[in-house]
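Novice: Here the sequence shown is numbered in this note's numbering, starting from 164 and rising by one per residue.
C-beta atoms are modelled at their ideal positions from N, C-alpha and C, and glycine is treated no differently.
Here the structure is a predicted model, which is why all the values come from computation and not from measurement.
This is the structure I have questions about; it appears just below.
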Amino acid sequence: MGVVRQAVKYGIVGVVNTILSLVVIWIMTKKFGCTEAFSNFTGYFIGLINSFFLNRKWTFNSSGRMLGSAVKFFLVFAVCYLLQLGVLLLLNHYCPQNPPLYSLFEPVLEIFKIDALFYIQLLSVAVYTALNFLINKYYTFKK
Numbered sequence: 164m165g166v167v168r169q170a171v172k173y174g175i176v177g178v179v180n181t182i183l184s185l186v187v188i189w190i191m192t193k194k195f196g197c198t199e200a201f202s203n204f205t206g207y208f209i210g211l212i213n214s215f216f217l218n219r220k221w222t223f224n225s226s227g228r229m230l231g232s233a234v235k236f237f238l239v240f241a242v243c244y245l246l247q248l249g250v251l252l253l254l255n256h257y258c259p260q261n262p263p264l265y266s267l268f269e270p271v272l273e274i275f276k277i278d279a280l281f282y283i284q285l286l287s288v289a290v291y292t293a294l295n296f297l298i299n300k301y302y303t304f305k306k
């Protein structure tokens, strides 16, 4: 299967996981009265579990050992998250007013009222997403 097709599937899984996580967070907070922190953790955890299963079978069509794949998947998540956080903190520290490529996208960003600091958040999420996809493709779920 082509990389572009897998990347599209990976993106769809990401959207599904985001919706699932938000629904779980909302239900736990509003219907069960759980704290926001606990609801947030639970929502993200369920989204991460869902992401593993959907990406394993649908995106990457992996037939590798379940436990080995799961350990790699969660390790990759942790590494990519820490790298994303590092990018976020570095960009916030060294170029909070003029982050990389901000001026190129500024006309569009202004329409949506996206300032430089939130743009940095978007950049760091893009780094996380790209790294997570590539490492999962070539390491976690490689054939």
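#1: Between which two residues does the alpha helix (DSSP H) harbouring Gln284 extend?
#2: Report the option in Gly206, Arg168 and Phe195 whose CA atom is closest to the CA atom of Leu185.
#3: Please classify Leu267 as buried or exposed, where buried requires at least 16 neighbouring CB atoms within 10 angstroms.
#4: Within this structure, are the beta carbons of Val239 and Asn295 separated by less than 8 Å?
#5: Which runs of the alpha helix (DSSP H) fall wholly inside the segment 187 to 231 and span at least 4 residues, in chain order?
#6: For the alpha helix (DSSP H) holding Pro263, just list the boundary residues, first then last.
#7: Let me know if Phe236 comes out buried or exposed under the rule of 16 or more other beta-carbons within 10 Å of its beta-carbon.
#8: May I have the straight-line CA-CA distance separating Leu211 from Gln169, to the nearest angstrom?
Specialist: The relevant details are as follows:
#1: Working through the sequence shown from its first residue, we reach residue 284 at position 121. Here the alpha helix (DSSP H) through Gln284 covers Ala279 to Ile298.
#2: Counting from one through the sequence shown, the residue named residue 185 turns up at place 22. The shortest Cα separation from Leu185 among Gly206, Arg168 and Phe195 belongs to Gly206.
#3: Within the sequence shown, residue 267 is the residue found at index 104, counting from 1. So Leu267 counts as exposed.
#4: As a working note, residue 239 is residue 76 in the sequence shown. As a working note, residue 295 is residue 132 in the sequence shown. Yes. Within cutoff.
#5: Fully enclosed alpha helix (DSSP H) runs of 4 or longer: 199 to 217.
#6: Residue 263 sits at position 100 when you count from the first residue of the sequence shown. Taken as a continuous stretch (DSSP letters only), Pro263 belongs to no alpha helix (DSSP H), as it is neither H nor E.
#7: Against the sequence shown, residue 236 aligns to sequence position 73. Counting the other CB atoms within 10 Å of its CB gives Phe236 a total of 16 or more, which places it among the buried residues.
#8: Counting from 1 along the sequence shown, the entry for residue 211 is found at position 48. Counting from 1 along the sequence shown, the entry for residue 169 is found at position 6. Each residue's alpha carbon lies about 18 Å from the other.
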